[in-house]
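Per the working numbering, the sequence shown runs over residues -13 to 126.
Written below as structure tokens is the structure these notes are about.
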Amino acid sequence: MAGPENDSMIMWWQVLLLVGAGGALGGLTRFWLVQWIDNRTGGGRFPWGTLAVNVSGALMIGLALGRVSGPALTSWLWLLLVVGVLGSFTTVSSFSLQVVGVAERDGLRPAVLYILLTLAGGLTLVSLGYGLARAAGGAA
């Protein structure tokens, strides 16, 4: 399982423009949607906006992947929408796509290992970074 075949007609600078434009759109959409949802759910005591973005992005990347399994999205559309828009809208969608790919290619055990290493590593390193920054005189 992978993205569409490489389209040799797409130049490197076009890849940068497609991913960059999609990334800008996805990041701005994420920011707006999180703010909009959090403002309507009590000001962010629970991260409803981030949760909504993460699960909706995972759904959208699954839909894109399902589309590639049939009539393939063209490379430029994959770069713009999946890598650019959804990649910056939520990294959970990219993570989820990779988990499905590992499970499909290598089996359930490596996929579960990838999930556990990603979550444990991410949480551990955020905590470590936070502690180091505080110890160095960061925000109180």
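Virtual Cβ for every residue (Gly too), placed ideally from N, Cα, C.
Cβ-Cβ distance between residue i and residue j below 8 Å
i     : j     : result
Ala38 : Leu19 : yes
Phe75 : Gly52 : no
Gly6  : Val71 : no
Ser80 : Gly73 : yes
Burial state of residue i, where buried means 16 or more other Cβ atoms lie within 10 Å
i       : result
Gly108  : exposed
Asn25   : exposed
Ser113  : exposed
Trp(-1) : exposed
Gly123  : exposed
CA-to-CA distance, residue j to residue i, given in whole angstroms
i     : j      : result
Gly28 : Leu111 : 29 Å
Trp22 : Arg16  : 10 Å
Gly48 : Leu3   : 24 Å
Beta-carbon contacts of residue i that lie in its chain and below 7 Å, excluding the five residues immediately before and after
i     : result
Ala89 : Ala97
Val78 : Asn40, Gly43 and Ala44
Contact set for residue i: own chain, Cβ-Cβ below 6 Å, skip 5 residues either direction
i     : result
Leu11 : Val71
Gly50 : The identity of residue 50 in the sequence shown is Ala, whereas the question assumes Gly. Taken in chain order, the residues that qualify are Val68.
8 Å Cβ shell around residue i - same chain, five flanking residues per side excluded
i     : result
Trp62 : Asp(-7), Ile(-4), Gln0 and Leu4
Residue i beta carbon near the ligand HEM (any heavy atom closer than 7 Å)
i     : result
Gln84 : Of the ligands one can find in the structure shown there are none, so the ligand HEM has no counterpart to examine.
Selected residue, minimal CA-CA separation from residue i, among the options
i     : options                         : result
Met46 : Tyr116, Leu94, Ala122 and Trp64 : Trp64
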